[in-house]
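A quick write-up on the structure given underneath.
Protein chains: 2
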Amino acid sequence: MKGIPPATVQRLPIYLRCLNDYRAQTISSERLAQLARVNSAKVRKDLSFLGSYGTRGVGYDVDHLVYQISRELGLTKDWPVCIVGMGNLGSALARYGGFGERGFEVLGLFDSDPRKFGKKIGGREIESLADFDTAAREREFAIGVITTPAGAAQEVADRMIAAGLTSILNFAPMVLSVPDGVDVRRVDLSTELQICSFYLARQTAS
Amino acid sequence: MKGIPPATVQRLPIYLRCLNDYRAQTISSERLAQLARVNSAKVRKDLSFLGSYGTRGVGYDVDHLVYQISRELGLTKDWPVCIVGMGNLGSALARYGGFGERGFEVLGLFDSDPRKFGKKIGGREIESLADFDTAAREREFAIGVITTPAGAAQEVADRMIAAGLTSILNFAPMVLSVPDGVDVRRVDLSTELQICSFYLARQTAS
């Protein structure tokens, strides 16, 4: 159990994305900082948690850094993903090409509306939520994505947890209550807009 | 121009959401910390940037705190939003009820596919991207949301910036290059999964 601060964890995927264009090269902390839009002292500090310090005047070996970050993020292992709630957002996620190639293969799509059962999205059929438990155990879902309306989200979360999932990505606009040991990450699209608003209000004022 | 750290800005919308269930009450920093899943010292520090210190043994007046956070986030003003790219994700956002009620009214939906023009989503017709510039000036879009495929995102961003927008929320999986003075926030759904992965790998290891 390493003590990497949560704020650093949040930035690691950003570094990883930026580094992808620099494979087989070296990169300075200043350049990486510029790409990731943080300051370079923070980059050096973040990378030091991985045991990476770079070489003075040369920078960091990008391939090694990508390996270290990937390992730290647990990306050297595949994590099967399921999505529950196949409205527009669930469908968008199911079609999103980027998941599979990064080790997050979508192995299950579920809904409670019988009219959707059997419909194919991104090559996979939508299944009944009633079959979730069996599917979860057979396909060993590691991450459950909730894209249901707010009113259904807690029930879906409970079902995921009962089936043994310990990691939930919640897009429904509500706070889920879960037992200790279950990690819930909430993606709230209004939150992002509110942060836009903060900087807009500053621009307007200045 | 106040010096509120970016990390605090990121947490303000979370506090706001948690406080909504406690209107007309008081709340302790410990309780708010628990709801927002941060530590209580951080809550007190964050709120001190707003000039809020609470009352010993009583806590914070929730209504006042909501007012202060809303004001700080610029939510006391309306920010018209446009969405470009009306695939599944754009459609999901256009239908997402939570924006309007928080002061982010969606006033424009655009696509470059003529087959989509005139189709209604959430009560508003999809317009041609060719008409973006005129619409942006007439309706004073403040925030541009990009939900196009990666290949189209930079061109859309350029068009938004040319039309005077200074705040962009980018869902396309690519890094946009924009001039100084333009604020781009990227929502990368893989990033969230990678953070899930980090904590999953830690669970498995422990």
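Each protein sequence line maps, in turn, to chains A and B.
Per our numbering, the first sequence starts with residue 1, numbered consecutively.
Per our numbering, the second sequence starts with residue 1001, numbered consecutively.
By construction, the Cβ of each residue, glycine as well, lies at the ideal position given by its N, Cα and C atoms.
Cβ-based burial, residue i [other Cβ within 10 Å; buried from 16]
i                 : result
serine 167/A      : buried
glycine 1118/B    : exposed
alanine 1208/B    : Given a span of 1001 to 1206 for chain B in the structure shown, any question on residue 1208/B remains unanswerable.
proline 1005/B    : exposed
glutamine 194/A   : buried
lysine 120/A      : exposed
arginine 1017/B   : buried
alanine 7/A       : exposed
threonine 55/A    : exposed
methionine 1001/B : Residue confidence for methionine 1001/B is low, a pLDDT of 40 falling below 50, so the modelled location carries little weight and cannot support an answer.
arginine 1011/B   : buried
valine 145/A      : buried
glutamate 72/A    : buried
valine 58/A       : exposed
serine 29/A       : buried
Run of the alpha helix (DSSP H) containing residue i, from where it starts to where it stops
i                : result
glutamate 1138/B : 1132–1139
glycine 151/A    : 150–162
arginine 1017/B  : 1006–1019
aspartate 111/A  : Counting along the chain, aspartate 111/A falls outside any alpha helix (DSSP H), though it belongs to the beta strand (DSSP E) covering 106–111.
Cβ pair residue i, residue j closer than 8 angstroms
i                    : j                : result
phenylalanine 1110/B : glutamate 1127/B : yes
alanine 163/A        : threonine 148/A  : no
glutamate 192/A      : arginine 1185/B  : yes
serine 1197/B        : leucine 75/A     : yes
leucine 89/A         : serine 112/A     : no
serine 1069/B        : tyrosine 1022/B  : Before going on, a small fix: residue 1069/B reads as isoleucine here, not serine. No.
Where residue i meets chain B, residues with beta-carbon distance less than 7 angstroms
i              : result
serine 91/A    : Asn1088
valine 9/A     : Ile1195, Phe1198
arginine 167/A : In the sequence on display, residue 167/A carries serine and not arginine. Residues of chain B passing the Cβ test: Cys1196, Tyr1199, Leu1200.
glycine 24/A   : Before going further, note that residue 24/A is alanine rather than glycine in the sequence given. Those within 7 angstroms of alanine 24/A in chain B number zero; the least Cβ separation is about 19 angstroms.
lysine 45/A    : Residues of chain B passing the Cβ test: none, with the nearest at roughly 14 angstroms.
arginine 95/A  : Asn1088
Contacts that residue i makes with chain B (C-beta to C-beta distance below 8 angstroms)
i               : result
aspartate 183/A : Cys1196, Tyr1199, Leu1200, Gln1203
arginine 102/A  : Ser1190, Leu1193, Gln1194
arginine 208/A  : Nothing about residue 208/A can be read from this structure; chain A reaches only from 1 to 206.
Contacts that residue i makes with chain A (C-beta to C-beta distance below 7 angstroms)
i                : result
glutamate 1192/B : Leu169, Arg185, Val187
arginine 1056/B  : The contacting residues do not exist; arginine 1056/B stays about 28 angstroms from chain A at best.
alanine 1142/B   : Leu200
Contact set between residue i and chain A, taken where Cβ atoms lie within less than 9 angstroms
i              : result
leucine 1073/B : Gln194, Ile195, Ser197, Phe198, Ala201
Range covered by the beta strand (DSSP E) that runs through residue i
i               : result
threonine 88/A  : In the sequence on display, residue 88/A carries asparagine and not threonine. Careful: asparagine 88/A lies outside any beta strand (DSSP E), inside the alpha helix (DSSP H) at 88–95.
valine 84/A     : 81–84
aspartate 183/A : 183–186
arginine 124/A  : 124–128
valine 178/A    : No beta strand (DSSP E) contains valine 178/A, which DSSP labels as neither H nor E.
Open item on the list: Measuring CB atoms only, is the stretch 93–104 of chain A touching the stretch 61–69 of chain A, in the sense that at least three cross pairs come out at less than 8 angstroms?
Closed with: no
TODO: Determine contact between the stretch 77–85 of chain A and the stretch 129–143 of chain A, defined as no fewer than three beta-carbon pairs at a distance below 8 angstroms.
DONE: yes
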